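Its first residue numbered 1, the sequence shown is counted upward by one per residue in full-length UniProt numbering.
Each residue gets a CB set at the ideal place from its N, CA and C atoms; glycine is no exception.
The structure displayed is predicted, hence computed values, not measured ones.
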Amino acid sequence: MAPPAAHEMQQLKNTLRPSKRLCYVWLHVLLLFALFGLSKSQSIVDTLPGFSGDLPFKLETGYVSVGELNDVELFYYFIESERDPARDPLILWLTGGPGCSGFSGLVYEIGPLRFNYTAFNGSRPSLELNPYSWTKVASIIFLDAPVGTGFSYATNADDYYASDTISAWDNYIFIRKWLIDHPRFLYNQLYIGGDSYSGIIVPILTLEIANGIQMGLKPPMTLMGYILGNPVTHLHDDENSRIPYAHRMALISDELYESAKNACKGEFIDTDESNGECMETMAVITKCTEKLNSAQILEPVCALDSPKPKESKLKWSLNHIEDVSSDMISLPVPQRSEFWCRNYNYLLSYIWENDNAVQEALHVRNVCP
Numbered sequence: 001m002a003p004p005a006a007h008e009m010q011q012l013k014n015t016l017r018p019s020k021r022l023c024y025v026w027l028h029v030l031l032l033f034a035l036f037g038l039s040k041s042q043s044i045v046d047t048l049p050g051f052s053g054d055l056p057f058k059l060e061t062g063y064v065s066v067g068e069l070n071d072v073e074l075f076y077y078f079i080e081s082e083r084d085p086a087r088d089p090l091i092l093w094l095t096g097g098p099g100c101s102g103f104s105g106l107v108y109e110i111g112p113l114r115f116n117y118t119a120f121n122g123s124r125p126s127l128e129l130n131p132y133s134w135t136k137v138a139s140i141i142f143l144d145a146p147v148g149t150g151f152s153y154a155t156n157a158d159d160y161y162a163s164d165t166i167s168a169w170d171n172y173i174f175i176r177k178w179l180i181d182h183p184r185f186l187y188n189q190l191y192i193g194g195d196s197y198s199g200i201i202v203p204i205l206t207l208e209i210a211n212g213i214q215m216g217l218k219p220p221m222t223l224m225g226y227i228l229g230n231p232v233t234h235l236h237d238d239e240n241s242r243i244p245y246a247h248r249m250a251l252i253s254d255e256l257y258e259s260a261k262n263a264c265k266g267e268f269i270d271t272d273e274s275n276g277e278c279m280e281t282m283a284v285i286t287k288c289t290e291k292l293n294s295a296q297i298l299e300p301v302c303a304l305d306s307p308k309p310k311e312s313k314l315k316w317s318l319n320h321i322e323d324v325s326s327d328m329i330s331l332p333v334p335q336r337s338e339f340w341c342r343n344y345n346y347l348l349s350y351i352w353e354n355d356n357a358v359q360e361a362l363h364v365r366n367v368c369p
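As structure tokens, then:
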């Protein structure tokens with residue numbers, strides 16, 4: 001297909017970037033579909049390194065081209081429902097971060113595989129079946145998004161600078177093109193799901209899909225709604241709610257909570273440093289909670305090889321949790337640990353996915369220069 005003329009390219013840019021200009025004229029719709037070079041990069045994966053025998057479910061991996069010039073390649077893992085793929089719902093699952101691979105959702109959350117942590121000896125991790133997988137009743141696409149996440153990549157360096165709206169729009173183009181490539185799922189009930197930072201992306205994406213349905217854009221989609229687990233919603237409100245949460249979970253006393261609520265007037269993040277009573281109360285709360293695993297309060301705090309210094313103010317913040325997550329790469333290889341530690345489990349995905357045999361089995365492209 002010949003490249004569009006300059007004025008047509010500008011119209012394409014106006015169409016393909018999310019904005020209030022979503023009342024498409026037919027020319028924009030035609031141009032949009034003219035750009036849809038449908039991705040045929042799909043591979044069936046029958047076996048995986050670290051898993052004994054053939055996979056007892058259907059796993060497909062592949063890339064779908066998105067972006068203004070199809071220069072962004074989003075990698076996905078698709079697992080068909082183990083019950084009735086023709087009738088069961090289809091879920092597009094986005095992991096948080098932003099920047100956590102879709103593989104995290106597959107192996108740590110709702111997918112059919114999980115790591116066998118107890119058998120890990122420092123070599124390639126082994127996999128086992130997850131008896132609680134959502135794929136028992138639904139088909140799921142685990143997407144590496146935004147670009148730069150997991151095995152997704154761009155051929156243009158500028159495309160790695162993506163906003164929430166651009167990321168959501170790329171995901172929207174992804175699901176439209178994926179459904180065109182997989183027509184037997186066109187009329188399955190569709191849910192958009194995710195966790196953590198996907199609480200920002202998923203509602204934007206769902207709205208784009210709903211708008212497209214209302215305008216009659218193809219392919220048809222049977223959108224049923226969205227699913228969010230522990231989502232980010234409004235950063236200030238999310239962090240501010242940690243004090244009421246600590247109280248309701250009996251991590252701080254009634255007296256301490258009431259003191260903080262009255263002294264700080266319900267504002268626990270952007271505190272007034274001149275308010276001595278509020279600052280003193282918040283310091284006590286910090287002391288009560290700083291040694292807890294803020295992401296999993298019933299689990300131990302993991303020792304890190306190179307822990308980052310934390311701020312002296314309230315430790316129960318989103319930034320603190322992100323710091324812990326980013327330090328996973330520096331975790332020591334666990335040897336005969338006396339207790340199970342979730343962060344050690346996360347380390348296994350880094351080791352497994354960076355294994356050459358694994359990438360070959362998943363049909364990952366070698367895009368290194």
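Query                                                                                                                                                                                 : Result
Secondary structure at R124, three-state DSSP: helix, strand or coil?                                                                                                                 : coil
Would you call S274 buried or exposed, if buried means 16 or more other Cβ atoms sit within 10 Å of its Cβ?                                                                           : exposed
For V364 and F151, what's the separation of their Cα atoms in angstroms?                                                                                                              : 7 Å
Within this structure, are the beta carbons of T118 and D195 separated by less than 8 Å?                                                                                              : no
Just to check my reading of the structure: R124 and G53 have Cβ atoms closer than 8 Å, yes? What is that Cβ distance to the nearest angstrom?                                         : At roughly 16 Å, the Cβ-Cβ gap does not stay under 8 Å, so R124 and G53 are not in contact.
Return helix, strand or coil for R365, following the three-state DSSP convention.                                                                                                     : coil
In terms of residue numbering, what span does the alpha helix (DSSP H) encompassing Y257 cover?                                                                                       : D254 to C264
In the DSSP assignment, find the beta strand (DSSP E) that holds M282 and state where it starts and stops.                                                                            : Here M282 belongs to no beta strand (DSSP E); instead the alpha helix (DSSP H) covers G276 to T289.
So for P307, helix, strand or coil by DSSP?                                                                                                                                           : Low confidence applies to P307: its pLDDT is 38, below 50, so where it sits in the model is not reliable enough to give any reading.
What do you get for A86, buried or exposed, if any count of 16 or more other CB atoms within 10 angstroms of its CB means buried?                                                     : exposed
Give me the Cα-Cα distance between I204 and N121, rounded to the nearest whole angstrom.                                                                                              : 42 Å
Does T206 come out as helix, strand or coil in the three-state DSSP assignment?                                                                                                       : helix
Using a 10 Å radius around the Cβ and a threshold of 16 neighbouring Cβ atoms, would you call L27 buried or exposed?                                                                  : Legend: pLDDT at L27 = 32, less than 50; position of this residue unreliable, no value from coordinates given.
In its own chain, which residues sit with a C-beta less than 7 Å from the C-beta of M279, not counting the 5 before and 5 after it?                                                   : T271 and E273
Residue ranges of each beta strand (DSSP E) run of no fewer than 3 residues wholly in the stretch 152-224, ordered along the chain?                                                   : 189-196
Can you tell me whether V367 is buried or exposed, with buried defined as 16 or more other CB within 10 angstroms of its CB?                                                          : exposed
CB residue 370 to CB S349, shorter than 8 Å?                                                                                                                                          : The first residue shown for the chain is 1 and the last is 369, placing residue 370 beyond what the model contains.
In terms of residues, what are the limits of the beta strand (DSSP E) holding R114?                                                                                                   : L113 to F115
Is DSSP giving F57 helix, strand or coil here?                                                                                                                                        : coil
Please work out which residues of its chain come closer than 6 Å, Cβ to Cβ, to D355, disregarding the five sequence neighbours upstream and downstream, and give them in chain order. : R124
Which class does S241 belong to by DSSP, given the choice of helix, strand or coil?                                                                                                   : coil
I need the straight-line Cα distance from I209 to A263, nearest angstrom please.                                                                                                      : 45 Å
Distance, Cα to Cα, E267 vs G229?                                                                                                                                                     : 25 Å
Can you give me the start and stop residues for the alpha helix (DSSP H) that Y76 sits inside?                                                                                        : Looking at the DSSP string, Y76 is not in any alpha helix (DSSP H); the run it does join, the beta strand (DSSP E), is V72 to I79.
What are the residues that DSSP puts in a beta bridge with Q42?                                                                                                                       : G62
Name the DSSP beta bridge partners of Y226, please?                                                                                                                                   : I192
Measuring CB to CB, does A250 end up less than 8 Å from M282?                                                                                                                         : no
Report yes if the C-beta distance between E80 and S139 is below 8 Å; otherwise report no.                                                                                             : yes
If you check the beta carbons only, do T57 and T149 fall under 8 Å apart?                                                                                                             : What sits at residue 57 in the sequence shown is Phe, not Thr. Going by C-beta atoms, F57 is not nearer than 8 Å to T149.
Out of curiosity, what's the CA-to-CA distance linking V137 and V284?                                                                                                                 : 47 Å
Assign S139 to one of three DSSP states: helix, strand, or coil.                                                                                                                      : strand
Can the beta-carbon of I91 be found closer than 8 Å to that of Y191?                                                                                                                  : yes
Would you report the Cα separation of S65 and P244, rounded to the nearest angstrom?                                                                                                  : 44 Å
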